[in-house]
Structures are given as structure tokens and as C-alpha cells.
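Step one of this worksheet: look at the structure below.
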Amino acid sequence: QSEVSKPTLDYVQRPVGAEYQMGTGTPQQNRCLAPPGVGPANVSFVFCNWNKFLKNNPETVRSWIRILRDVPDAILCLLENPPSGTVYLRKFVHEASGTLNDQGQFVPGDGDELNSRIHFLTWEKNPFDHQRRNLDFCNVMLDSNPYNGHTVAQDALYAGVPIVTRSDGMDMSSRVTTSANLVLDLPHLNAYKGPEHYE
Numbered sequence: 001q002s003e004v005s006k007p008t009l010d011y012v013q014r015p016v017g018a019e020y021q022m023g024t025g026t027p028q029q030n031r032c033l034a035p036p037g038v039g040p041a042n043v044s045f046v047f048c049n050w051n052k053f054l055k056n057n058p059e060t061v062r063s064w065i066r067i068l069r070d071v072p073d074a075i076l077c078l079l080e081n082p083p084s085g086t087v088y089l090r091k092f093v094h095e096a097s098g099t100l101n102d103q104g105q106f107v108p109g110d111g112d113e114l115n116s117r118i119h120f121l122t123w124e125k126n127p128f129d130h131q132r133r134n135l136d137f138c139n140v141m142l143d144s145n146p147y148n149g150h151t152v153a154q155d156a157l158y159a160g161v162p163i164v165t166r167s168d169g170m171d172m173s174s175r176v177t178t179s180a181n182l183v184l185d186l187p188h189l190n191a192y193k194g195p196e197h198y199e
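In the UniProt record's numbering, the protein residues as written are 1 to 199.
Written out as C-alpha cells, the structure reads:
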């Protein structure tokens, strides 16, 4: 088995018009592999998180909202796991992006626009097809908090996808990706000072 190398954003370029070959091309070039309707045609950056929804808390999703606002032509790809949870996540994004006015009435913010940039991919039964998404679709993986990606994170790192993770948790389950980044000499991807540093 080959050693894991450090994640990088240096992609092996595929000549224009050439057939797909695993391990080549940028996430933008590999967009043709995505199901129809995933992402706009001109995406500058693809954030991903393939963890089950139960690993994400409101603070994490609010961080993703702020990150999407800071990178206006980026998208966030999430795993549809479970499919029934997508409705609730979209509702949360809509509500979290709005505000209450002086009379206590909800004033919608940019929730609809943000939701249009969040895309859900179905679970692949073949684990190799699922793992291939890391290299094919992701520029950067945004880790979950307080329960980090464990196997999911290692799959992404093995594919060469960098992972930004919060490292301010005290539990082992919240520091798994932190340890992996340190082993790969990538401490700058670990956010030790909470959500502001993560973003």
C-alpha cells in the first residue's frame, strides 16, 4: 500500500475534451460526473462534507452559512444522509439566515440564495464510488463539529483533499481530524480558537 501524501490543490490537469480518468482534473472539470442539477455552471470553489447529518450541530451549519457568504460563487456539497434530513437542513439554513424585526416578525435574509448553493449527493452503495467523490468533487472538506469525520476524513485525506477542522474540542471524537492533520504536517488547517478561526 502506498503512503498517504499531503493534500494539495495542485490537480493533475486533464486535456480539454479528454475522457475522464480517475485522479485527473479539477472539481470544476469533473462537474460532468455529478448528477444533473448539482451546482451552477461556473463554480469557483467546491466545499464538501460527507458526514451524516447527526454529526452537525447548529453552530457548524451557521459557520458554513458564513463561509458561503464569504465565497459568493462557491457551493457546498453534502451527503444526503439521511434523505429525509435535507428538508430540515434547508429549513434551518433559511431560518438561520434571517432575523427578527423589532415586532418579533421573521425577516427572511439570503436563505433562498444560500440554499440554492447547497447540493445533496445520494449515498453510493459501492464504497469506492463514494470515496472517489472526494477527489472528483472537493476542493476542501469542511469538517463536522463536535463529532469530526473519522473514516470519512481519512478517505478525503487519502484522496489528497485538505480538511479544515475545528480543534477546540476536549473529547477524542472532536479531535480525530486534528490528529490526522498534525501527522500530515498540516497544522494550519486546524482551527484552535473556535468557529471564527474555522471560518
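For every residue, glycine included, the Cβ atom is placed at its ideal position computed from N, Cα and C. Please read these numbers as outputs of a predicted model, since none were measured by experiment.
Range covered by the beta strand (DSSP E) that runs through residue i
| i | result |
| --- | --- |
| Phe-45 | 45-49 |
| Phe-53 | No beta strand (DSSP E) contains Phe-53, which DSSP labels as neither H nor E. |
| Ala-74 | 74-79 |
| Thr-165 | 163-166 |
| Leu-142 | 140-142 |
Cβ-Cβ distance between residue i and residue j below 8 Å
| i | j | result |
| --- | --- | --- |
| Ala-191 | Ser-173 | no |
| Asn-134 | Val-161 | yes |
| residue 201 | Thr-60 | This structure does not reach residue 201, given that the chain is present from 1 up to 199, and the question cannot be answered. |
| Tyr-147 | Lys-55 | yes |
| Ser-44 | Pro-195 | no |
| Phe-47 | Leu-142 | yes |
| Leu-78 | Ile-118 | yes |
Separation of residue j from residue i, as counted between CA atoms
| i | j | result |
| --- | --- | --- |
| Val-71 | Val-176 | 27 Å |
| Glu-95 | Lys-125 | 33 Å |
| Ser-84 | Pro-187 | 36 Å |
| Ile-65 | Gly-109 | 11 Å |
| Lys-193 | His-130 | 32 Å |
| Leu-68 | Pro-82 | 23 Å |
| Asn-51 | Leu-76 | 13 Å |
| Arg-140 | Asn-49 | For the record, residue 140 in the displayed sequence is Val; it is not Arg. Computed Cα separation, rounded: 9 Å. |
| Phe-120 | Gln-103 | 35 Å |
| Ala-74 | Glu-113 | 12 Å |
| Gly-149 | Val-87 | 22 Å |
Where the alpha helix (DSSP H) containing residue i begins and where it ends
| i | result |
| --- | --- |
| Leu-182 | 176-183 |
| Arg-117 | It is not in any alpha helix (DSSP H) - Arg-117 carries neither H nor E in the DSSP assignment. |
| Glu-95 | 85-97 |
| Thr-151 | 151-158 |
| Tyr-198 | 195-198 |
| Asn-134 | 127-137 |
Residues of its chain near residue i, where Cβ-Cβ distance is below 7 Å and the 5 sequence neighbours each way are ignored
| i | result |
| --- | --- |
| His-197 | Ala-191 |
| Asp-155 | Gln-131 and Asn-134 |
Chain-order list of residues whose beta-carbon lies under 6 Å from that of residue i (same chain, five-residue window excluded)
| i | result |
| --- | --- |
| Ala-159 | Asn-134 and Leu-135 |
| Trp-123 | Asn-81 |
Cut-off 8 Å between Cβ atoms - residues of its own chain near residue i, not counting five sequence neighbours on either side
| i | result |
| --- | --- |
| Ala-153 | Met-141, Asp-143, Ile-163, Thr-165, Val-176, Thr-177 and Ala-180 |
| Leu-182 | Asn-190 |
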